[in-house]
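Undergrad: Chains as they are written, first to last, in this note's numbering: chain A, 5 to 347; chain B, 5 to 347. Glycine included, C-beta positions come from ideal geometry on N, C-alpha and C. In this text, all values refer to a predicted model and were calculated from it rather than measured experimentally.
Number of protein chains: 2
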Amino acid sequence: MPTDIPAYSTPGENRQVLLTSRPAGVPQASDFTLASSPVPRPGPGEFLVRTIYLSVDPAQRGWASAEANYSAPVPLGGPMRALAVAVVVESRHPDFTKGQFLYGWFGWQDYAVATPQQVILRATQDLPLTAFGSLLGINGITAYLGLTELGRPKSGDTLVVSTAAGSVGSFVGQIGKSLGCRCVGLTGDDRKVALCKERYGYEVALNYKSGGLDEAVAAAAPDGINVYFDNTGGTILDTVLRRMAVAGRIVQCGTASIGSWNPPPSGPRNEREILTRRLVWSGFVIFDHMSRYGEAADELARLCRAGILSFDIDLAEGIEQAPGAIASLYAGENLGKKLIYVG
Amino acid sequence: MPTDIPAYSTPGENRQVLLTSRPAGVPQASDFTLASSPVPRPGPGEFLVRTIYLSVDPAQRGWASAEANYSAPVPLGGPMRALAVAVVVESRHPDFTKGQFLYGWFGWQDYAVATPQQVILRATQDLPLTAFGSLLGINGITAYLGLTELGRPKSGDTLVVSTAAGSVGSFVGQIGKSLGCRCVGLTGDDRKVALCKERYGYEVALNYKSGGLDEAVAAAAPDGINVYFDNTGGTILDTVLRRMAVAGRIVQCGTASIGSWNPPPSGPRNEREILTRRLVWSGFVIFDHMSRYGEAADELARLCRAGILSFDIDLAEGIEQAPGAIASLYAGENLGKKLIYVG
Numbered sequence: 005m006p007t008d009i010p011a012y013s014t015p016g017e018n019r020q021v022l023l024t025s026r027p028a029g030v031p032q033a034s035d036f037t038l039a040s041s042p043v044p045r046p047g048p049g050e051f052l053v054r055t056i057y058l059s060v061d062p063a064q065r066g067w068a069s070a071e072a073n074y075s076a077p078v079p080l081g082g083p084m085r086a087l088a089v090a091v092v093v094e095s096r097h098p099d100f101t102k103g104q105f106l107y108g109w110f111g112w113q114d115y116a117v118a119t120p121q122q123v124i125l126r127a128t129q130d131l132p133l134t135a136f137g138s139l140l141g142i143n144g145i146t147a148y149l150g151l152t153e154l155g156r157p158k159s160g161d162t163l164v165v166s167t168a169a170g171s172v173g174s175f176v177g178q179i180g181k182s183l184g185c186r187c188v189g190l191t192g193d194d195r196k197v198a199l200c201k202e203r204y205g206y207e208v209a210l211n212y213k214s215g216g217l218d219e220a221v222a223a224a225a226p227d228g229i230n231v232y233f234d235n236t237g238g239t240i241l242d243t244v245l246r247r248m249a250v251a252g253r254i255v256q257c258g259t260a261s262i263g264s265w266n267p268p269p270s271g272p273r274n275e276r277e278i279l280t281r282r283l284v285w286s287g288f289v290i291f292d293h294m295s296r297y298g299e300a301a302d303e304l305a306r307l308c309r310a311g312i313l314s315f316d317i318d319l320a321e322g323i324e325q326a327p328g329a330i331a332s333l334y335a336g337e338n339l340g341k342k343l344i345y346v347g
Numbered sequence: 005m006p007t008d009i010p011a012y013s014t015p016g017e018n019r020q021v022l023l024t025s026r027p028a029g030v031p032q033a034s035d036f037t038l039a040s041s042p043v044p045r046p047g048p049g050e051f052l053v054r055t056i057y058l059s060v061d062p063a064q065r066g067w068a069s070a071e072a073n074y075s076a077p078v079p080l081g082g083p084m085r086a087l088a089v090a091v092v093v094e095s096r097h098p099d100f101t102k103g104q105f106l107y108g109w110f111g112w113q114d115y116a117v118a119t120p121q122q123v124i125l126r127a128t129q130d131l132p133l134t135a136f137g138s139l140l141g142i143n144g145i146t147a148y149l150g151l152t153e154l155g156r157p158k159s160g161d162t163l164v165v166s167t168a169a170g171s172v173g174s175f176v177g178q179i180g181k182s183l184g185c186r187c188v189g190l191t192g193d194d195r196k197v198a199l200c201k202e203r204y205g206y207e208v209a210l211n212y213k214s215g216g217l218d219e220a221v222a223a224a225a226p227d228g229i230n231v232y233f234d235n236t237g238g239t240i241l242d243t244v245l246r247r248m249a250v251a252g253r254i255v256q257c258g259t260a261s262i263g264s265w266n267p268p269p270s271g272p273r274n275e276r277e278i279l280t281r282r283l284v285w286s287g288f289v290i291f292d293h294m295s296r297y298g299e300a301a302d303e304l305a306r307l308c309r310a311g312i313l314s315f316d317i318d319l320a321e322g323i324e325q326a327p328g329a330i331a332s333l334y335a336g337e338n339l340g341k342k343l344i345y346v347g
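This is how it looks when you write it as structure tokens:
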């Protein structure tokens, strides 16, 4: 990073985190460059936002990659694609007024000129501003819609979740518990094991790095696993797959454990598990479900106000924290949803 | 096989094909022994059937295996579990009368004492008797319910089927075509390629043994594959998976290409394909869908009488053909549904 960029914004200046090299695997700090340019001005039908909380999401790995994916790669030299909580500072659009708080596609930068298409949610629910980058962010909504739409848990079901203390998993456990599931969380850190049990609705939480995962999962799910909400893939998936109950559902929401998909790594073939256990294994990408976003956000806000859901934020401060933040996320260093305060 | 067993039944004698060793992989003729015992007599609430057509089904491999499965293994020394078309010859049950034709669990033997639970279908539809062991047998109903319930094809979809000329695949192609799909069949034999195109509804048929399958599948499905009805697993599945369209459905109906599941073979990891293409991959076992059997059989009979569906039988003659029949099926030697005439 250049050292002549100030840590905090000065008037008229827009600091940006640019993607300047194409990452192999998980993006590292060295793949980004912090730069500065004049604050842009909104044209007709546009508005200018000042970001407050920049979001750090596992999906950014995919957005930065040149591999075939569900979205076009972030152009090299452009600001890193990111979600953020922001406030309108100037508007030339009749539906947006100065002082409104928004959650949307504003990138890793201080300011963005935006159109309504970039806005995911208007922050109207009566909750702290950080909730819009976590509980009501794509991670919370992914947890809710992925679990209810694809996982289809019933009361009494055994629900297993990988990266159980993560920004998605921490909500899957709580939502699963509220639906009457027996929740089993898999995580890679003893502090997170404790968080899973104390805060995230998990009756059992296992550190998969402790060894003996196969026996521990079998003991935690003696009647088999009805729903597996998977954020890791890899050997953890292989272990859980062999303990699925007949007619179980697998939600493939992430593949965090796989270092590189090119060339594709190999693992045990699983066609026979799918067949004999009559599983339904589905891929979940939130962007297929945006029409239900508002409804899901209202429900999660209701559950939060009722004390049924809580959320934790892992807050960093200053835009200079952004370049290394995705790597830190994949290293499992965060406790709670990672946000960067830049407002 | 003992040589003192006559090829054809004599009065009072029940020839049986016993499973006498536990197969490793595909059951071979040497895993069975032909034996003879007196014809059993029905007790109260039971009836005696004489088998006419013994069915040979790929699923028998799983039933004969000691591996964890969806059904208990056939006991060693007992008659091989099998479906058959049979006629009632004596009844002590009010709902069954002498002369009625039935399709059900009567085993590889001349005679069986049965209860109503063993009956899958009463042969009331106006079709040749062989239809009850093929079009209206578990293979035809699997094709219909697997495709419509799990594959959920829409008109205009591209449907790819492996073992496309087999006892299930030959119906999947025809049913898919009748629903407006563009059907692509994969098979391992040029005679079957021709059958696929001439009789089984496939617009394109490919011999996967000819090489260049990846390019051929890509050319046959330029807009991606919406439904993959898979009976093979393995490298054919790997190839098709990489050509699936977003929101595609995979029906895992069989895994014929895998020689042994113990230890599980490995292949490319596919979590990323499931996730980024948002696939739904489901296992299909007909026994979960028996409540819809009669309705499906009526619909298939209607389509057959209307000239929309046709079926081919690969007929062997004599119970002594049974022991080697499963291995012959896995070697792809049959053209049409394999039945053994013993009546």
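On the three-state DSSP scale, how would you describe A/Ser40?
TA: The count along the first sequence starts at 1 and reaches residue 40 of chain A at position 36. Here A/Ser40 sits in strand by DSSP.
Undergrad: Would you verify that the beta carbon of A/Ile142 is, or is not, closer than 7 Å to some beta carbon of chain B?
TA: Sequence index remark: in the first sequence, residue 142 of chain A carries index 138 (1-based). Output row for A/Ile142: interface = no.
Undergrad: Can you tell me whether A/Pro46 is helix, strand or coil according to DSSP?
TA: Within the first sequence, residue 46 of chain A is the residue found at index 42, counting from 1. If DSSP states are grouped into helix, strand and coil, A/Pro46 belongs with coil.
Undergrad: Using beta carbons (cut-off 7 Å, strictly below), is B/Ile278 in contact with chain D?
TA: Protein chains A and B are contained in the structure displayed, whereas chain D is not.
Undergrad: Mind checking A/Glu324: buried by the 16 CB within 10 Å criterion, or exposed?
TA: Here residue 324 of chain A is taken as the residue at index 320 of the first sequence, counted from 1. The residue is buried, with at least 16 neighbouring Cβ atoms inside 10 Å.
Undergrad: Would you verify that the beta carbon of B/Glu219 is, or is not, closer than 7 Å to some beta carbon of chain A?
TA: Translated into the one-based positions of the second sequence, residue 219 of chain B becomes position 215. It does not: the Cβ of B/Glu219 has no partner Cβ on chain A nearer than 7 Å.
Undergrad: Would you identify the three-state DSSP class for B/Phe315, choosing helix, strand or coil?
TA: Here residue 315 of chain B refers to the residue found at position 311 of the second sequence. Looking at B/Phe315 - three-state DSSP - the assignment turns out to be coil, as it is neither helix nor strand.
Undergrad: Looking at chain A, is there any beta carbon in it that lies within less than 7 Å of the beta carbon of B/Thr7?
TA: The residue given as residue 7 of chain B occupies position 3 in the second sequence. Caution applies to B/Thr7, whose pLDDT of 36 falls short of 50 and renders its modelled position unreliable; the model cannot decide the point.
Undergrad: At 3 residues or longer, what runs of the beta strand (DSSP E) sit wholly inside the region 196 to 248 of chain B?
TA: 208 to 211, 229 to 234
Undergrad: How would you label A/Ser166, buried or exposed, when you count the other beta carbons within 10 angstroms and need 16 or more for buried?
TA: For the purposes of this step, residue 166 of chain A is taken as residue 162 along the first sequence, with counting starting at 1. Buried, since its Cβ has 16 or more Cβ neighbours within 10 Å.
Undergrad: Quick one: which chain B residues come within Cβ less than 8 Å of A/Gln256?
TA: Translated into the one-based positions of the first sequence, residue 256 of chain A becomes position 252. Under the 8 Å cutoff, chain B gives Glu275, Ile278, Leu279.
Undergrad: First and last residue of the beta strand (DSSP E) that includes A/Phe175?
TA: Your numbering for residue 175 of chain A matches position 171 in the first sequence. Note, A/Phe175: premise wrong, no beta strand (DSSP E); alpha helix (DSSP H) at 173 to 182.
Undergrad: Does the beta-carbon of A/Gly180 have 16 or more other beta-carbons within 10 angstroms, so that it is buried, or is it exposed?
TA: The residue labelled residue 180 of chain A in the question sits at position 176 within the first sequence. Per the 10 Å Cβ criterion, buried.
Undergrad: Just verifying my parser: in three-state terms, what is the DSSP assignment at B/Leu64?
TA: Along the second sequence, read from residue 1 onward, the residue named residue 64 of chain B stands at position 60. A small fix is needed here, since residue 64 of chain B is Gln in this sequence, not Leu. In the structure shown, B/Gln64 sits in a helix (DSSP, three-state: H, G or I).
Undergrad: In the DSSP assignment, the beta strand (DSSP E) including B/Ser270 goes from what residue to what residue?
TA: If you number the second sequence from 1, residue 270 of chain B lands on position 266. Here the beta strand (DSSP E) through B/Ser270 covers 270 to 272.
Undergrad: Tell me the DSSP secondary structure of A/Gln325 in three-state form.
TA: Against the first sequence, residue 325 of chain A aligns to sequence position 321. If DSSP states are grouped into helix, strand and coil, A/Gln325 belongs with the helices.
Undergrad: Cβ closer than 8 Å: which chain A residues qualify as neighbours of B/Leu241?
TA: Counting from one through the second sequence, the residue named residue 241 of chain B turns up at place 237. Per Cβ cutoff of 8 Å: Glu275.
Undergrad: Can you tell me whether B/Ala198 is buried or exposed? The criterion is at least 16 other CB atoms within 10 Å of its CB, across all chains shown.
TA: Position 194 of the second sequence holds residue 198 of chain B. Exposed is the call here.
Undergrad: Can the beta-carbon of A/Ala76 be found less than 7 Å from the beta-carbon of A/Trp112?
TA: The residue you call residue 76 of chain A lines up with position 72 of the first sequence. The residue you call residue 112 of chain A lines up with position 108 of the first sequence. Cβ distance not < 7 Å, so A/Ala76 and A/Trp112 don't count as in contact.
Undergrad: Determine, using beta carbons only, whether B/Thr350 comes closer than 7 Å to chain A.
TA: This structure cannot speak to residue 350 of chain B, because chain B is shown only from 5 to 347.
Undergrad: By alpha-carbon positions, which one of B/Ile142, B/Asp318, B/Ile278 ends up nearest to B/Asp295?
TA: Counted from its first residue, the second sequence places residue 295 of chain B at position 291. Note that residue 295 of chain B corresponds to Ser in the displayed sequence, not to Asp. Cα-wise, what sits closest to B/Ser295 is B/Ile142.
Undergrad: Let me know the secondary structure DSSP gives B/Leu131 once reduced to three states.
TA: Stepping through the second sequence from its first residue, residue 131 of chain B is reached at position 127. In this structure, B/Leu131 counts as coil in the three-state DSSP scheme.
Undergrad: Return no unless some Cβ of chain B is closer than 7 Å to the Cβ of A/Thr259.
TA: Taking the first sequence and counting its residues from 1, one reaches residue 259 of chain A at position 255. Closer than 7 Å: yes.
Undergrad: What residues from chain B crowd round A/Arg282, counting only those whose CB sits closer than 8 Å?
TA: Start at 1 with the first residue of the first sequence, and residue 282 of chain A comes out as number 278. Within chain B, the residues near A/Arg282 are Tyr74, Ser286, Gly287, Phe288, Val289, Asp292.
Undergrad: Does B/Ala320 come out as helix, strand or coil in the three-state DSSP assignment?
TA: Locating residue 320 of chain B in the second sequence gives position 316, where the first residue counts as 1. Reduced to three states, the DSSP call for B/Ala320 is strand.
Undergrad: On the premise that B/Ala260 lies in contact with B/Asn235, defined as a C-beta separation below 8 Å, what is that separation, rounded to the nearest angstrom?
TA: Residue numbering aside, residue 235 of chain B sits at position 231 when the second sequence is read from its first letter. Residue numbering aside, residue 260 of chain B sits at position 256 when the second sequence is read from its first letter. Their Cβ separation, rounded to whole angstroms, is 6 Å, which keeps B/Asn235 and B/Ala260 in contact under 8 Å.
Undergrad: Quick one, are the C-beta atoms of A/Ile229 and A/Val164 less than 7 Å apart?
TA: Within the first sequence, the letter at position 225 stands for residue 229 of chain A. Within the first sequence, the letter at position 160 stands for residue 164 of chain A. The answer is yes: Cβ separation under 7 Å.
Undergrad: Counting Cβ pairs, one atom from each stretch, are 3 or more of them under 8 Å apart for the region 263 to 283 of chain B and the region 233 to 253 of chain B?
TA: yes
Undergrad: List the residues of chain B whose Cβ lies closer than 8 Å to the Cβ of A/Ile262, in chain order.
TA: Within the first sequence, residue 262 of chain A is the residue found at index 258, counting from 1. Result: Arg273, Glu275, Arg276.
Undergrad: Give every residue of the same chain whose Cβ lies closer than 7 Å to the Cβ of B/Gly184, excluding the five residues on either side of it in the sequence, and list them in chain order.
TA: Counted from its first residue, the second sequence places residue 184 of chain B at position 180. So the list reads Ser159, Gly160, once near-sequence residues are dropped.
Undergrad: Mind listing, in chain order, the continuous beta strand (DSSP E) runs of no fewer than 3 residues lying wholly within the region 66 to 133 of chain A?
TA: 87 to 95, 105 to 109, 115 to 118, 123 to 126
Undergrad: Can you tell me which of the three DSSP states B/Ser332 falls into?
TA: The residue given as residue 332 of chain B occupies position 328 in the second sequence. Three-state result, B/Ser332: helix.
Undergrad: By DSSP, does A/Asn358 sit in helix, in strand, or in coil?
TA: Here chain A has residues from 5 to 347 only, and residue 358 of chain A is not among them.
Undergrad: Say whether chain A places a C-beta atom closer than 7 Å to the C-beta of B/Ala170.
TA: Along the second sequence, one-based indexing puts residue 170 of chain B at 166. One point to set straight first is that residue 170 of chain B is Gly, not Ala, in the sequence displayed. Answer no: the Cβ-Cβ gap between B/Gly170 and chain A never drops below 7 Å.
Undergrad: From this set, B/Gly252, B/Ile290, B/Ala310, which residue's C-alpha is nearest B/Glu258's C-alpha?
TA: Numbered from its first residue, the second sequence carries residue 258 of chain B at position 254. The sequence given here places Gly at residue 258 of chain B; Glu does not occur at that position. Closest option to B/Gly258, Cα to Cα, is B/Ile290.
Undergrad: Classify B/Val18: buried if its beta carbon has 16 or more other beta carbons within 10 angstroms, exposed otherwise.
TA: Here residue 18 of chain B corresponds to residue number 14 of the second sequence, with the count starting at 1. The question names Val, but residue 18 of chain B in the sequence shown is Asn. That one is buried.
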